[in-house]
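Student:
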Amino acid sequence: MKGRFKVLVLFFCVIMSVGIEALADRKDENTLKERAKVFWEARVHGDWATVYQYLSQKEKHKFTQEEFVSSRKVKGPLRFLSYELGGVEIAGDLGWIEVRYAVQPLGYPEYPPKQMHLWDIWQKTGDWYPVPASQSADFPKNPPQLRPIEEEASLAARVNGLWEAKEKENWLSVYQHLDPDFKAGVSAEEFLEKRALYSYVNHSVEWAEVTGNHGRVKVIYTCRLKDPSVSKLDPVETTVVENWIKMNNQWYCHIRKDQAE
Amino acid sequence: MNGVDRVFFWNIWVAAAALTLFTACAGGRPGLTPRSQDHPSLRFVLAAEGLPKQGMWKCTPVFADINNDGFADMAAISRLGDGVHVWLGDGTGRWADASDGLGFSGTPCGGGVAFGDINNDGLLDLAVADHCNGVYVYLGDKECRWKAGTQELNPSVSGLELLAEQDETVEGFFMGAEDLALGDVNEDGFLDLVVAASDQGGLSVYFGDGSGKSWKEATSDGLPSAEDLEPGDEEGGGWANQVLLHDVDGDGHLDVVASYYLGPRVWLGDGKGLWKSYSKGLPSPVIGGLFRGIAVGDINEDGHLDLVVANEANGPEVYLQHPDGFWQPTPDIFPAMMGGALGIALGDLDRDGHLDLLVGGRRSKGAGSNYGLLFCQGDGKGGWTELKVNQLPATGLSVTWGIGLGDINGDGLIDFAAGTGGVCAGAPARKSATRPKIEIVPELPLPRMQVWVNRYRD
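If you read the protein sequences in the order shown, they are chains A and B.
Residue numbering for the first sequence follows the numbering used here, starting at 1 and increasing by one per position.
Residue numbering for the second sequence follows the numbering used here, starting at 1 and increasing by one per position.
Right, dumping it as structure tokens:
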């Protein structure tokens with residue numbers, strides 16, 4: 001009887017914790033939606049002082065509120081005419097909120113308004129703040145629910161394979177992960193003759209996003225210069241967003257022509 | 001540049017691989033693991049009364065007796081301060097400024113200084129290399145005043161015309177001189193200037209005519225320049241942080257030794273003003289300008305001059321001159337130095353008959369004023385022992401740019417000056433789980449321009 005009671009208590013606790021988590025997520029979604037609403041209302045009404053409050057600390061250091069308001073009123077560059085918020089999704093400290101809005105270049109009333117649709121990316125740093133356009137490439141464009149989870153897991157595994165090969169200095173394996181267009185121009189023999197400038201210590205795949213046959217992957221890795229003259233320098237942590245392509249049912253790291261040169 | 005780019009980096013670091021091989025081959029040499037213990041007899045006392053307490057003395061100070069009173073006087077140049085200075089020493093550690101007539105119109109940026117009787121009048125003159133303003137020559141008089149004989153002689157300008165032809169966007173080309181050395185390289189009886197550019201331009205030689213006012217620039221002489229690049233040189237001639245003149249190969253002619261931006265380098269002179277590369281075995285790191293101070297001496301007492309050079313990442317490095325004409329790296333002589341070195345000097349400071357090493361560098365990678373003056377005792381065989389020396393700060397200094405040796409009081413012991421100052425690295429702004437917490441070392445209340453008197457006692 002005692003044992004059965006314990007099982008019941010445990011079951012109740014699990015149910016409660018799941019419920020509490022779900023409630024917290026819902027609360028977070030509501031908070032994000034509320035903040036997004038204030039932000040977009042301010043944009044549409046030209047209330048740039050309020051918009052300024054939603055800038056990251058880094059951006060706020062670039063200009064004062066007065067400078068920002070004045071610049072937006074005079075230079076624009078955009079006039080937000082209307083907006084409509086849609087779904088919200090949260091994953092960790094990232095949030096996506098669907099926005100449909102209309103914009104027009106400031107000072108060109110004759111220019112036909114442009115209808116836009118995007119998943120606006122927000123990040124929770126204490127409170128929720130919109131990710132600046134300049135940093136949006138560091139995050140997945142779409143929320144997880146719109147993305148092919150299995151395909152992204154497959155891509156992430158392939159990316160891990162490349163970075164593990166780098167760490168083990170298995171350059172033939174690295175070569176095999178590179179896109180066929182690159183390999184058509186550089187043979188494996190030529191590739192293996194090159195010497196790596198860095199040795200790679202460790203890595204983590206932060207996220208992978210798949211859109212059709214195109215993948216974007218954010219990797220944080222640590223490397224050090226492979227040179228005895230600087231052997232005492234600490235390894236350096238670096239972030240990269242890589243482009244991958246799927247060809248013949250396999251993912252390959254895409255090398256731009258200028259990178260290959 | 002992303003990670004994949006880096007894999008595809010096309011440069012092949014043959015020299016780096018060779019260095020690894022040499023290092024591995026040279027393993028197991030005796031006495032190469034420094035210990036940290038107190039030196040029983042060596043101590044230094046600060047003798048800096050009258051020297052500047054502030055400033056960024058970005059140079060290697062030099063000593064010479066310019067007023068013939070038997071005591072060493074000193075010259076140094078600062079960055080962003082009031083530039084070049086001469087101080088007269090009285091042998092007791094007091095210094096009187098004697099800079100009347102020195103200076104130039106532009107903002108000083110630091111560089112190098114050298115004493116020599118350039119106009120053959122029996123009085124010492126002063127040649128100055130300034131990072132931003134080029135080369136100046138000041139002629140000294142009996143009252144220890146100075147008069148500019150040469151102004152704005154810019155080594156980089158020598159390559160400017162050619163570079164401008166190659167690339168119209170060369171506008172804004174940086175002019176200046178990082179360091180210089182004085183010596184009669186063409187053996188005509190007059191001192192000549194060997195000047196290191198501060199950016200592009202390589203090394204330039206100016207033949208003196210004994211006036212201190214007129215110089216003839218050498219061309220196609222075998223030294224790297226904008227017109228005559230060294231293999232692997234992608235910087236149009238590059239710069240050198242320090243340049244010296246020594247008879248490295250013992251043929252009676254002066255040779256050029258430089259901490260060139262591609263790595264430490266030696267060029268043998270023929271006594272007529274022509275030079276030949278003599279750098280086999282010296283490193284070519286992936287980072288340009290990694291080496292700062294450089295010094296020459298017979299470290300292993302085999303009759304051949306050797307090199308020691310300050311690596312800003314790894315600390316001091318020794319290259320022994322092999323009789324067959326190449327440089328043999330030794331294993332890390334200062335493994336405990338984790339934050340790199342800038343200033344360096346070789347001399348028998350503890351009177352044991354063997355060359356010792358003074359290093360201005362960082363034992364730790366901490367931030368702030370974590371530079372110090374560190375002593376490595378040489379054993380005359382190429383082995384070193386790091387010893388703590390009473391009074392010398394092992395940390396707590398801002399950047400230790402250069403160390404110059406001299407006997408300031410005529411007691412036969414080697415004293416030294418250290419040019420320090422400047423902004424030290426702060427704590428990294430970015431947090432990282434892999435990066436340990438960094439301590440910020442405060443600066444000790446010592447003058448930025450320092451002279452330390454050797455008080456060795458048996």
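We put the beta carbon where it would ideally sit given N, CA and C, even for glycine.
Since the model is a prediction, treat every value here as computed from it, not as a measurement.
Are the region 301 to 308 of chain B and the region 274 to 281 of chain B touching by the rule of at least three beta carbon pairs closer than 8 Å?
Tutor: The answer is no - the region 274 to 281 of chain B does not touch the region 301 to 308 of chain B, with fewer than three Cβ pairs under 8 Å.
Student: Please state whether the Cβ-Cβ distance between Ala341/B and Gly361/B is less than 7 Å.
Tutor: Taking 7 Å as the Cβ cut-off, Ala341/B and Gly361/B qualify as a contacting pair.
Student: In the DSSP assignment, what are the bridge partners of Ile245/A?
Tutor: Per DSSP, His214/A, Tyr252/A.
Student: What whole-angstrom Cβ distance do Leu254/B and Val185/B have, given they're in contact under 8 Å?
Tutor: The pair is a contact, with the Cβ atoms about 5 Å apart (cut-off 8 Å).
Student: Under 9 Å between beta-carbons, which chain B residues line up against Asp181/A? List them in chain order, please.
Tutor: Here the premise fails: no neighbours, minimum Cβ distance about 14 Å.
Student: Distance check for Gly339/B and Asp5/B, CA to CA, integer angstroms please.
Tutor: Residue placement at Asp5/B is flagged as unreliable, the pLDDT there being 33, under the threshold of 50; a coordinate-derived value is accordingly withheld.
Student: Could you please give the first and the last residue of the uninterrupted beta strand (DSSP E) stretch that includes His322/B?
Tutor: That run of the beta strand (DSSP E) goes 315 to 322.
Student: Around the C-beta of Thr219/B, are 16 or more other C-beta atoms found within 10 angstroms, so that it is buried, or is it exposed?
Tutor: That one is exposed.
Student: Which residue from Ala127/B, Pro323/B, Val423/B, Asn409/B puts its Cα closest to that of Asn68/B?
Tutor: Here the closest residue by C-alpha is Asn409/B.
Student: Taking only runs of the alpha helix (DSSP H) that begin and end inside the region 331 to 413 of chain B, which ones reach a length of at least 4 residues, in chain order?
Tutor: As far as the region 331 to 413 of chain B is concerned, it has no whole alpha helix (DSSP H) run of at least 4 residues.
Student: How long is the line joining the alpha carbons of Glu29/A and Trp239/B, rounded to whole angstroms?
Tutor: Those two C-alpha atoms are separated by around 58 Å.
Student: At 3 residues or longer, and completely inside the region 123 to 155 of chain A: list those beta strand (DSSP E) runs for me, N to C.
Tutor: 127 to 130, all fully within the region 123 to 155 of chain A.
Student: Could you say if the region 125 to 135 of chain B and the region 103 to 114 of chain B meet the contact criterion of at least three C-beta pairs nearer than 8 Å?
Tutor: A contact exists between the region 125 to 135 of chain B and the region 103 to 114 of chain B.
Student: Could you have a look at Asn241/B and say whether DSSP puts it in helix, strand or coil?
Tutor: It is a strand residue.
Student: Round the Cβ separation of Gly396/B and Gly372/B to the nearest angstrom and send it over; I've been treating them as touching at under 8 Å.
Tutor: That belief holds up - the Cβ atoms of Gly396/B and Gly372/B are roughly 7 Å apart, short of 8 Å.
Student: Would you kindly check if the distance between the Cβ of Gly347/B and the Cβ of Leu405/B is under 7 Å?
Tutor: Against a cut-off of 7 Å, the Cβ pair of Gly347/B and Leu405/B comes out as a contact.
Student: Since Val174/A and Val219/A are thought to touch, with beta carbons under 8 Å apart, how far apart are those beta carbons, to the nearest angstrom?
Tutor: Wrong, their Cβ atoms sit about 14 Å apart, outside the cutoff.
Student: Here's the rule I'm using: 16 or more other beta-carbon atoms within 10 Å means buried, otherwise exposed. How should Asp179/A be labelled?
Tutor: Buried, because 16 or more other Cβ atoms sit within 10 Å of the Cβ of Asp179/A.
Student: Mind listing the chain A neighbours of Pro231/B? Cutoff is C-beta to C-beta under 7 Å, in chain order.
Tutor: None at all; the shortest Cβ gap to chain A is about 17 Å.
Student: Which ranges would you report for the alpha helix (DSSP H) in the region 154 to 235 of chain A if only whole runs of at least 4 residues count?
Tutor: Counting whole runs of 4 or more residues, the region 154 to 235 of chain A contains the alpha helix (DSSP H) stretches 171 to 176, 180 to 185, 188 to 193.
Student: Please report how far the alpha carbon of Gln200/B lies from the alpha carbon of Val359/B, in whole angstroms.
Tutor: Going by the C-alpha atoms only, they are around 28 Å apart.
Student: So that I know if they touch, is there some Cβ in chain B lying closer than 7 Å to that of Leu262/A?
Tutor: Past the edges of chain A, shown from 1 to 261, lies residue 262/A, and the structure says nothing about it.
Student: What are the boundary residues of the beta strand (DSSP E) that Ser277/B is part of?
Tutor: Taken as a continuous stretch (DSSP letters only), the beta strand (DSSP E) holding Ser277/B covers 275 to 277.
Student: Mind listing the chain C neighbours of Pro61/B? Cutoff is C-beta to C-beta under 9 Å, in chain order.
Tutor: Within the model displayed, chain C is absent; protein chains A and B are what it includes.
Student: To the nearest angstrom, how far is it from the Cα of Ala181/B to the Cα of Pro61/B?
Tutor: Straight-line Cα distance between these residues: approximately 13 Å.
Student: Measuring only the C-alpha atoms, how far is Arg457/B from Trp87/B?
Tutor: Taking the straight line joining both Cα atoms gives about 28 Å.
Student: Could you work out which residues of chain A lie near Pro285/B, taking near to mean beta carbons separated by less than 8 Å?
Tutor: Here the neighbours are Asp227, Ser229, Val230.
Student: Distance, Cα to Cα, Glu164/A vs Gly81/B?
Tutor: Their backbone Cα atoms lie some 51 Å apart in a straight line.
Student: Any idea what DSSP makes of Gln53/A, helix, strand or coil?
Tutor: In this structure, Gln53/A counts as helix in the three-state DSSP scheme.
Student: If you measure beta-carbon to beta-carbon, which residues of the region 336 to 347 of chain B are closer than 9 Å to chain A?
Tutor: The region 336 to 347 of chain B vs chain A, Cβ under 9 Å: Met337, Met338, Gly339, Gly340.
Student: For Phe104/B, does the three-state DSSP call read helix, strand or coil?
Tutor: Coil.
Student: Show which residues of chain A have a CB atom less than 8 Å away from the CB atom of Leu290/B.
Tutor: The contacting residues are Ser229, Val230.
Student: Taking the straight line between their C-alpha atoms, what separation do you get for Ala36/A and Val99/A?
Tutor: When rounded, the distance between both Cα atoms is 9 Å.
Student: Given a cut-off of 7 Å on the beta-carbon distance, is the pair Val103/A and Leu78/A in contact?
Tutor: Result yes, Cβ atoms of Val103/A and Leu78/A sit closer than 7 Å.
Student: Examine chain B for any beta-carbon lying closer than 7 Å to the beta-carbon of Leu233/A, and answer yes or no.
Tutor: Yes - at least one Cβ of chain B is within 7 Å of the one on Leu233/A.
Student: Less than 7 Å between the beta carbons of Arg43/B and Gln391/B, yes or no?
Tutor: Yes.
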